[in-house]
Amino acid sequence: MTDADHPVLYPNAGDGSDASDDPDGDDAAPISRRGLLGATAAAGAVATAGCASGDDAGTPGAVEGAPTVFVFNTGDGSVSVVDAETDEVVGTRAAGVTSSFPSNQFSPRLVDSPDEHLWINADRGVRALAADSLSEATRVGTGSGANWLERTPDGAHLLVSAREPAHTQYRVDVDPDSERFGEVTGEIDRTPEGGRGRNEGPGPCDVTVHPDGEVAYVPDLFGDTLTVIDVEAFEIAGQVEVSPAGSGPAAPWMGTAAWDGETLLVEHDEGATGTESIWDVSDPLEPRERVRLTAEDGLGERPLTSEVGPDSETGYVFTPGSNDVTVLDLAAGEVRDRIDLGGSAFVGTWGPDRERLYVPVQTEDEVAVIDHAAGEVTARLAVGPRPYGATAATVRPAESAASEPAQALRRLAFRHGDSGTTYCLGNCACGHRL
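In this text, residue positions in the sequence shown follow the working numbering: the first is 865, and each later residue adds one.
Given below as C-alpha cells:
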C-alpha cells in the first residue's frame, strides 16, 4: 500500500510533512530487534539529556488532586495544561516531543501522583513522560512509526498496537514501582496472518481494553478483522471477520470499549466517507456486531476515533471530514446529534470526573469542551499550534517544573531533531516516517 493507493492513511506523503515518503518501510534502515525491545529508563535519560535541565526532573511541588487535561500541540512540541475544574489553560510548556494518540482510556484516574507517567506514541515507539515534569522517563521501540496504546485498568500493563511494517502487539510493564518498569513482557507477531493487497500483515490499528481488564480489542485495518487479546496470557483469544457495508473492504481501524463492558464502538475507513459499527461485548470473548452506521444514517464524514459517555449510553465519534462530533444513542443504535466544532478534530479525552469531553480542534488551535449533560460545547480554550492528542490526570506539574533554558532546549530539539514526531492524519509532526 502506498500514499497514492490511500490518501487518507498517508495524506501528506511525499511533501516533507506528516507521513512517510516510503509508507511500506522498504527504504528504512535496518533495525536491531533486540535494540528496539531493550529500551530502558537509562536509554530514555540519555535521549533527553540535552533537552532538560538539572532542575527539570522530579521537581517538588507537583500539584496532587488537581484534575488536569494535557493537550499535545504538534506544531511546536509543546503541551498545554488545562485546569479541568475551571476549564482554563494554566500554562503551555515545551516538551520536545508530541503525541497524537496518548493513552487516555484509564489514565485520568491512574495518573494520580508525581511518580506516575503519561504514556504517548512518539516517533517509532512509545514513551513515558513524568507526570510532575513532562520529562522523558523511558521509551520502548516497536519497529513502526504508527502506534496506538492503552493501559490496563489496574495500571500494570501498557498494550501497544504497532501497525506496518511491524504488525505486532506488545505488552509493557508500566507499574512505576516494578523492577521491570519499561520492559516488554509480551509480544505477538501478527505478520503470519498476512493482509489485504500488498500489505505484509493485518495492520493492527488501535487497541482498547475491556473494563474487566482481562481482554483487549484490536481492529485490524488490513485484515478486516476484530482481534480479541487475552491480556494475562498475551495471546490471541479470538478473531471475528468484519464484513463490509458496501462493495469495498470493511477496514476497521479504531475502537473504544464502553465503561459498563457491554458495548464496543469501531470506526471503519470504508467507502467514500467512512462508517461506524456498534458491537455487543457483554460476552467479552465473543464480540457481536449489532449495527453499522453510514452517512445515510446521519454519521459525519471520516470517523477516526470515539469516546463513550460516562453513562455508557452515549457515543461521541470524532468526524473530522465534516468538522464535527457525531453523537450516538448506543441502545437505539442510531445517530442522535451532530455537534459542530468549527474545525477538524481527530481525538478527545474525558476529564477525570468524566463530565466533560475535551476535544483538540487542530485547525483552530483550540480545545472545544463538550459538556455531557448539556450536550453542547460550553467552552473554547486557546492552546498551542495544531493540537491533536489529549489525555488527563489528577496530578499537575509544578509551575517551576521546567526552567526557561530547558524549555528553549526542548523547542530547539523538537524543531531540529528527528525524535519528536508522531503519526497522525492531517498537517502535523513534520518528518514522520512509518
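Positions of the beta carbon are idealized from the N, C-alpha and C atoms, including for glycine.
This structure is a prediction, so every number in the text was calculated from the model and none was measured.
I'd like to know if E1228 contacts chain B, where contact means its C-beta is closer than 9 Å to some C-beta of that chain. Among the chains in the structure shown there is no chain B, since it carries only a single protein chain.
Between R1035 and V1092, is the Cβ-Cβ spacing less than 9 Å? no
Member of E1165, V1211, R1220, G1239 whose CA lies at the smallest distance from the CA of N937: V1211
Rounded to whole angstroms, what's the CA-CA distance from E1051 to V961? Just pull it up for me. 26 Å
For R1275, name the three-state secondary structure that DSSP assigns. helix
Would the segment 1003 to 1012 and the segment 977 to 995 be scored as touching if the rule is three or more Cβ pairs under 8 Å? yes
Straight-line gap, G922 to D979 (C-alpha atoms, nearest Å): Reliability of the predicted coordinates at G922 is poor, the pLDDT of 43 falling under 50, and the value obtained from them is presented with this limitation in mind. About 8 Å.
Coil, strand or helix - A1159 by DSSP: helix
Terminal residues of the alpha helix (DSSP H) in which S971 lies: 971 to 974
With 16 other CB atoms within 10 Å as the buried threshold, where does R1322 fall? Because the chain is modelled from 865 through 1298, residue 1322 falls outside the range shown and cannot be assessed.
Measuring alpha carbon to alpha carbon, tell me which residue in V1223, W1214, A1232, S942 is nearest S999. S942
Nearest-angstrom Cα distance between A1257 and A1020? 16 Å
Taking the DSSP output, what are the residues bridged to Q1103? T1091
Is the beta carbon of G1067 less than 9 Å from the beta carbon of F1098? no
Tell me, please, whether the segment 1106 to 1115 touches the segment 1130 to 1149 by the rule of three or more beta-carbon pairs shorter than 8 Å. yes
Beta-carbon gap between V1145 and T1127 smaller than 9 Å: yes
Who does A1256 pair with in a DSSP beta bridge? V933
Thinking P1224 and A1254 are a contact (beta carbons under 8 Å), I'd like their distance in whole angstroms, please. 5 Å
Taking the C-alpha atoms as reference points, what is the distance between L1149 and A1101? 7 Å
Of all the alpha helix (DSSP H) runs that stay within the bounds of the segment 1173 to 1200, which reach a length of 4 or more residues? none
DSSP three-state call for E1057: helix, strand or coil? helix
Minimum C-alpha distance to Y1287 - residue among S971, D996, V927, A1026: A1026
With distances taken Cα to Cα, identify the nearest neighbour of R1200 among F965, Y1180, T1032. Y1180
Inter-residue Cα distance where the pair is V1247 and V935: 8 Å
Proximity below 9 Å, CB of L1192 to CB of E1228: no
Under the three-state DSSP convention, the category T1227 falls into: helix
Taking the CB atoms as reference points, tell me whether V1004 and V1048 lie closer together than 9 Å. yes
Please name the residue or residues paired with Y1081 in a DSSP beta bridge. T1072, V1092
Is it buried or exposed for A995, if we count other Cβ within 10 angstroms and need 16 for buried? buried
Under 8 Å by Cβ, that's how I've got V1259 and V975 pegged, so tell me the actual separation to the nearest angstrom. 6 Å
Taking the straight line between their C-alpha atoms, what separation do you get for Q1033 and Y1252? 24 Å
Could you tell me if G1058 is buried or exposed, where buried requires 16 or more neighbouring beta carbons within 10 angstroms of its beta carbon? exposed
Per DSSP, which one or two residues make a beta bridge with W983? A992
So what does H1021 bridge to, in DSSP terms? D1037
Drop a sphere of 10 angstroms on the beta-carbon of T818, count the other beta-carbons inside from all chains shown, and report buried for 16 or more, exposed for fewer. Past the edges of the chain, shown from 865 to 1298, lies residue 818, and the structure says nothing about it.
Taking a contact to mean a Cβ-Cβ separation below 9 Å, would you say G955 touches E1230 in this structure? no
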